[in-house]
Amino acid sequence: MKGPAGRQETPPHMTQAPTRCYLLARLGFHDTPSLIGEHLAELGELARAAGMDPVGREQLRRAAVDARTFYGRGQVERAASAARNLQAAVLVCDDDLSGGQVHAITKATGLQVMDRTDLILTIFEARAQTQEARVQVELARCEYELPRLKGAWTHLERQVGGVGVRGGPGETQIEVDRRITRQRIGQLKKELRHLERVRETQRQGRIPGLPRVSLVGYTNAGKTSLLLALTGEGEPQDMLFATLDTTTRRAWLGADPDSGRPRHALVSDTVGFIRKLPHQLVAAFRSTLGEVRTAEALLVVADGASPDLDEHLGVVAETLEEIGCAGHPRLLVLNQVDRLTRPQRIELKRRHPGAVLACALTGEGVPEVREWLLDLIPGPPRPREPEAWEKDQTVPAG
Ligand SMILES: Nc1nc2c(ncn2[C@@H]2O[C@H](COP(=O)(O)OP(=O)(O)OP(=O)(O)O)[C@@H](O)[C@H]2O)c(=O)[nH]1
Ligand SMILES: [Mg+2]
């Protein structure tokens, strides 16, 4: 988080011992323990990204969901006792819980309860740097909280507070809370519309004739690393949701096969996707993801060495459809193949013959990506505005 002077401040969770948490997931009738185990491992990564220390995890077998406590009161109490033995203060649940269920589990266990959406929102809140990202995340948080308001004063009081906040006679506390939240949602949406217009103007101001390409994919796959490999800029981090804001950079693609002139593309890095990405976030990130929607092509980056590759690809395909990009031309880049053995690479190529096997760290596969991008540029060069330095050139007489 940036301080008033733009200085990097240490987040509070870095200065104290991280909060210990205990992870829970429902093992439904059709689920396998290994699949739910992978989901819990990912939830642990999310908890770490939110500054917490996951000290234990448990799968709660439950064929039908319990309306009140989701996992059933007995199971919840046993899990809470295991959590307390490990000094965990928070139960983090992989499943989407209703406000009533969070309340019921909190009441039954005395522990703080967070569901997956709440956890992802918390990470986004801590990471959002630009005004646009902050507005989008706050909008998603308000949309998440609105149906969960329980009549307790929220942080919103300070933001919209002032004269006339407490409603007219007969308005209950919860009605006041809902009204304040709705007002805030209205303000945030208005602000976003303005920021979207600014972004659109920036987009139109870009050099015409350059293909625009977006890097998309599961979080932590190596999108930013590939941006760095293609353009020389980008700061990869081993962390879920390291990137929230879109950055666009110019990538050199090589010489045009016909004219021999250097060719470029504009490559945008974007926020990563994840299983059960909260729909409030997808909706709120529409303007950031607008960059993806208006791109001419997509580089779909995946961690080719992940045992969950197929699930990741499924989530990416679904999310792309949700944001209206189902038909965009795309190249699948299976990254991180340096972590595979030779036979594993051969098997991966067999399963995905159209994909480029890549390693963003060594640059393996990057020339193939450039070549694919180069092919996107249609035949004869499109007319374009000369750049400032070109206009200043005087043609030598002779
Ligand atoms: N071994 C190996 N590690 C890689 C490769 N590409 C990226 N990484 C590492 O994977 C981690 C995530 O990389 P990023 O480029 O930040 O991933 P991202 O997709 O941008 O992730 P988010 O922005 O968090 O969604 C970093 O620690 C990278 O160094 C690769 O080809 N091989
Ligand atoms: Mg990134």
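Residue 385 in our numbering sits at position 384 of the sequence shown, and the numbers go up by one each step. Glycine included, each C-beta is placed from N, C-alpha and C at the ideal position. These numbers come from a predicted model, not from an experiment.
Inter-residue Cα distance where the pair is residue i and residue j
i: residue 272; j: residue 114; result: 26 Å
i: residue 292; j: residue 215; result: 7 Å
i: residue 96; j: residue 120; result: 11 Å
i: residue 36; j: residue 203; result: 43 Å
i: residue 58; j: residue 25; result: 6 Å
i: residue 101; j: residue 69; result: 7 Å
i: residue 124; j: residue 138; result: 10 Å
i: residue 360; j: residue 247; result: 22 Å
i: residue 182; j: residue 130; result: 23 Å
i: residue 184; j: residue 284; result: 18 Å
i: residue 19; j: residue 54; result: 6 Å
i: residue 73; j: residue 80; result: 11 Å
i: residue 318; j: residue 278; result: 13 Å
i: residue 485; j: residue 106; result: Residue 485 is absent from the structure shown; the chain starts at 2 and stops at 399.
i: residue 295; j: residue 142; result: 26 Å
i: residue 9; j: residue 127; result: Residue confidence is low: residue 9 scores 46 on pLDDT, short of 50, so the model does not pin down where it sits. Its coordinate-derived value is still stated next. The straight-line gap from Cα to Cα measures roughly 13 Å.
i: residue 376; j: residue 254; result: 10 Å
i: residue 62; j: residue 112; result: 21 Å
i: residue 145; j: residue 222; result: 27 Å
i: residue 17; j: residue 240; result: 20 Å
i: residue 252; j: residue 231; result: 6 Å
i: residue 56; j: residue 45; result: 9 Å
i: residue 90; j: residue 339; result: 39 Å
i: residue 94; j: residue 109; result: 15 Å
i: residue 174; j: residue 297; result: 49 Å
i: residue 290; j: residue 86; result: 43 Å
i: residue 201; j: residue 132; result: 16 Å
i: residue 22; j: residue 48; result: 8 Å
i: residue 325; j: residue 314; result: 17 Å
i: residue 205; j: residue 199; result: 10 Å
i: residue 320; j: residue 242; result: 16 Å
i: residue 345; j: residue 77; result: 41 Å
Distance cut-off 8 Å: residue i Cβ against heavy atoms of ligand 2
i: residue 249; result: no
i: residue 129; result: no
i: residue 243; result: yes
i: residue 233; result: no
i: residue 225; result: yes
i: residue 38; result: no
i: residue 29; result: no
DSSP state of residue i mapped onto helix, strand, coil
i: residue 307; result: coil
i: residue 136; result: helix
i: residue 269; result: strand
i: residue 260; result: coil
i: residue 159; result: Caution applies to residue 159, whose pLDDT of 43 falls short of 50 and renders its modelled position unreliable; the model cannot decide the point.
i: residue 113; result: strand
i: residue 19; result: coil
i: residue 377; result: helix
i: residue 194; result: helix
i: residue 251; result: strand
i: residue 274; result: strand
i: residue 207; result: coil
i: residue 356; result: coil
i: residue 24; result: strand
Proximity test, residue i beta-carbon vs ligand 1 heavy atom, cut-off 8 Å
i: residue 237; result: yes
i: residue 301; result: no
i: residue 307; result: no
i: residue 339; result: yes
i: residue 122; result: no
i: residue 218; result: yes
i: residue 358; result: no
i: residue 48; result: no
i: residue 273; result: yes
i: residue 252; result: no
i: residue 202; result: no
i: residue 221; result: yes
i: residue 362; result: yes
i: residue 336; result: yes
i: residue 115; result: no
i: residue 53; result: no
Closer than 8 Å: residue i CB and nearest ligand 3 heavy atom
i: residue 270; result: This structure simply doesn't include ligand 3; it includes ligand 1 and ligand 2 instead.
Inter-residue CB distance, residue i and residue j (contact presumed, cutoff 8 Å)
i: residue 337; j: residue 305; result: 6 Å
i: residue 250; j: residue 378; result: Their Cβ separation, rounded to whole angstroms, is 17 Å, which puts residue 250 and residue 378 out of contact at 8 Å.
i: residue 217; j: residue 92; result: With 8 Å as the limit, residue 217 and residue 92 do not qualify as a contact, their Cβ atoms being about 33 Å apart.
i: residue 331; j: residue 301; result: 5 Å
i: residue 235; j: residue 225; result: 5 Å
i: residue 212; j: residue 134; result: Going by Cβ atoms, the distance from residue 212 to residue 134 rounds to 26 Å, so no, they are not a contact pair.
i: residue 197; j: residue 288; result: 4 Å
* **Residue ranges of each beta strand (DSSP E) within the segment 34-101, 3 or longer** => Qualifying beta strand (DSSP E) stretches, in chain order: 54-62, 91-94.
* To do: Quick one: which unbroken alpha helix (DSSP H) runs of 4-plus residues sit fully inside the segment 295-341? Chain order, please.
  => Whole alpha helix (DSSP H) segments, 4+ residues: 310-323.
* Asked: What residue ranges within the segment 209-245 form continuous beta strand (DSSP E) runs of no fewer than 3 residues, ordered along the chain?
  -> Within the segment 209-245, the complete beta strand (DSSP E) runs of at least 3 residues are 213-218.
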